[in-house]
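Peer 1: Read in order, the letters of the sequence shown are residues 201 to 598 in our numbering. Every residue gets a Cβ at the ideal spot worked out from N, C-alpha and C, and that includes glycine. Here it is, the structure in full.
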Amino acid sequence: MQSLFGSLDFGPSSLWPAGTAAPFTTIEGRRAPELSKQVRLLSPRQPGVYGMVDCHGDLIYVGKAKNLRSRLLSYFRPKSRDRRSARIISRTKGIAWEHSPCEFFALLRELELIRRWRPSRNVAGQPLRRQHAYVTLGRAPAPYVFLSRKPQDRASPSPPTPLPQSEGSMLTGSFGPLRVGLRVLQALRHLNDWFGLRDCPQPQPMLFRVDGVAPGSAACLRHELGTCLGPCAALCTKEQYDTQTRRAWGFLEGDDETPLLELDRAMQEAAAAQRYERAAQLRDRRESLAWLRQQLERVREARERFSFVYQVSDQEGKRFWFLIHAGRPLHCLLPPVDRASGRKVHALLQSVFMETGADLARYEYADSTALVLAWFRKHPKEWKKTLQPAQALALCEC
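Following this line, the structure appears as structure tokens:
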């Protein structure tokens, strides 16, 4: 844990426009009434981020507020605060806050500070507590779906285009990233089961059926259970396995919803036959695959739709441009006011929005991308404040 007091601010921001700085205030007090009195006198009714500091000068909690004064004073109201807030304020001997141009900026700044300072009382946004990974279809000669920390092909756009392999044409690539958890692992297991793809360790030899080769015994029970084609024991041909691989690719791409439709039909048939336990199992499998499809669709939506300039203004009417590309908030800058500033902004816009390739899918941006998606879902009217890159470039030339 790093010490905050003794610093002049929370540290540099990757989003603050060059040449500008956020107003920063710190207060100290041995007891809560002392802190409350200073908050009432000094805190503004503006958006911003705040930090709670303990007796050692360590930042233990970071939060954001649409109204700093109201949010900070809520910590000192025993009847309205929750237990978590009470525990935080009981350890607090100092409070620091920083103004933001708008609530959206405060959200991004909060995430940035959590990742930098790693306060002990913050859970969301911690880089070591929320891991992200890619849903990957690969590992020749019998590809299957698994999680990987890095995308399968960094040089290709995500999702990657089919890559030729030494043994016939094979689809390999990565989708995501998604937040790692039990739910995504369960969904991948259901996906491999549905398409009959193997999930055994890579050292397991693969032996596809060809003329003159007699089928053997599978290395596990999944073939007998009907959830694997058995490529390890010559129980299927290479063509049969590749067909299922292509179907799995289509589902991950969002082009094929056949598994969901077939599960719907099977579930209805089981319910009609009063096989309710079987119907419940099919329902759980369907919900798991539908959830995975929805999560991947959100990532695709961010990459395809969320590339624009978001215009906001602070309480004094000062305008700011947020450059958001493939769902990633990359820069906050002042809009051009003359030819000189127009040339600088024009160059930055071109460098940002011309970027393509696997970097668009880097997992480091997963949390901020989720934040951007949630913001525009919650505030759909904010779409009216966006400019397409071509529109913003045209304004720079005026």
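Quick one: residues in its chain with C-beta nearer than 6 Å to the C-beta of L407, no 5 flanking neighbours on either side, listed in chain order?
Peer 2: Within the sequence shown, numbered from 1, the residue matching residue 407 stands at position 207. Once the five neighbours on either side are set aside, the close Cβ partners of L407 are A434.
Peer 1: Give a yes or no on whether the C-beta atoms belonging to Q402 and S374 are separated by under 8 Å.
Peer 2: The residue labelled residue 402 in the question sits at position 202 within the sequence shown. The residue labelled residue 374 in the question sits at position 174 within the sequence shown. Result no, Cβ atoms of Q402 and S374 do not sit closer than 8 Å.
Peer 1: For a test of the three-state rule: what should DSSP assign to H579, helix, strand or coil?
Peer 2: As a first step, residue 579 must be located in the sequence shown, where it is residue number 379. Correct three-state label for H579: coil.
Peer 1: Taking DSSP as the reference, what is the three-state secondary structure of R519?
Peer 2: Taking the first residue of the sequence shown as position 1, residue 519 is located at position 319. Note: R519 maps to strand in three-state DSSP.
Peer 1: Could I get the ranges of all uninterrupted beta strand (DSSP E) runs contained in the stretch 304 to 339, with 3 residues as the minimum, in chain order?
Peer 2: Listed in chain order, the complete beta strand (DSSP E) runs (minimum 3 residues) inside the stretch 304 to 339 are 332 to 338.
Peer 1: Please list, in chain order, all residues of the same chain as T361 whose beta carbon is under 8 Å from its beta carbon, the five residues on each side excluded.
Peer 2: Here the question's residue 361 lines up with position 161 in the sequence shown. Residue placement at T361 is flagged as unreliable, the pLDDT there being 37, under the threshold of 50; the coordinate-derived value follows with that caveat. Here the set comprises G373.
Peer 1: Does the beta-carbon of Q474 have 16 or more other beta-carbons within 10 angstroms, so that it is buried, or is it exposed?
Peer 2: The residue given as residue 474 occupies position 274 in the sequence shown. Burial call: exposed.
Peer 1: Determine the direct distance from the alpha carbon of H299 to that of L593, and round the result to whole angstroms.
Peer 2: In the sequence shown, counting from the first residue as 1, residue 593 sits at position 393. In the sequence shown, counting from the first residue as 1, residue 299 sits at position 99. Spanning the two alpha carbons is a distance of roughly 29 Å.
Peer 1: State the Cα-Cα distance for the pair L573 and A526, rounded to the nearest angstrom.
Peer 2: Along the sequence shown, one-based indexing puts residue 573 at 373. Along the sequence shown, one-based indexing puts residue 526 at 326. Straight-line Cα distance between these residues: approximately 11 Å.
Peer 1: Classify E469 as buried or exposed, calling it buried when 16 or more other Cβ atoms lie within 10 Å of its own Cβ.
Peer 2: Position 269 of the sequence shown, counting from 1, holds the residue named residue 469. It is exposed - the Cβ of E469 has fewer than 16 other Cβ atoms within 10 Å.
Peer 1: Which residues bound the alpha helix (DSSP H) around P377?
Peer 2: The residue given as residue 377 occupies position 177 in the sequence shown. Segment G373 to R379 is the beta strand (DSSP E) holding P377; no alpha helix (DSSP H) there.
Peer 1: Between the stretch 252 to 263 and the stretch 477 to 488, do three or more beta carbon pairs fall short of 8 Å?
Peer 2: Because the criterion of three Cβ pairs below 8 Å is not met, the stretch 252 to 263 and the stretch 477 to 488 do not touch.
Peer 1: Between K544 and E597, what straight-line distance do the alpha-carbon atoms span, to the nearest angstrom?
Peer 2: For this step, residue 544 is matched to residue 344 along the sequence shown. For this step, residue 597 is matched to residue 397 along the sequence shown. Each residue's alpha carbon lies about 11 Å from the other.
Peer 1: Taking the beta carbon of L549 as the centre, do at least 16 other beta carbons fall within 10 Å, making it buried, or is it exposed?
Peer 2: Working through the sequence shown from its first residue, we reach residue 549 at position 349. Buried.
Peer 1: Let me check understanding here. Comparing Cα to Cα, which of S568, F553 and Q511 lies closest to P536?
Peer 2: Locating residue 536 in the sequence shown gives position 336, counting from the first residue. Out of S568, F553 and Q511, Q511 has the C-alpha closest to the C-alpha of P536.
Peer 1: Tell me which same chain residues have a C-beta within less than 6 Å of the C-beta of I227, skipping the five on either side of it?
Peer 2: Against the sequence shown, residue 227 aligns to sequence position 27. Excluding residues within five positions, the ones whose Cβ falls inside 6 Å are Q238 and I295.
Peer 1: Quick check on the burial criterion: 16 or more other C-beta atoms within 10 angstroms. Buried or exposed for S366?
Peer 2: Within the sequence shown, numbered from 1, the residue matching residue 366 stands at position 166. Any reading at S366 must be qualified, since the residue scores a pLDDT of 35, below 50, and its modelled position is unreliable; no value is offered.
Peer 1: Is the beta carbon of N392 closer than 8 Å to that of Y601?
Peer 2: There is no way to answer for residue 601, as the model of the chain reaches only from 201 to 598.
Peer 1: For R409, collect the residues of the same chain with a Cβ closer than 7 Å to its Cβ; drop the 5 residues on either side in sequence, then sort them by chain order.
Peer 2: Position 209 of the sequence shown, counting from 1, holds the residue named residue 409. Closer than 7 Å at Cβ, skipping near neighbours: P415, A434, L435, C436 and T437.
Peer 1: Just mark T458 as buried or exposed, buried being the case when its beta carbon has 16 or more other beta carbons within 10 Å.
Peer 2: Numbered from its first residue, the sequence shown carries residue 458 at position 258. Answer is exposed; the Cβ neighbour count stays below 16.
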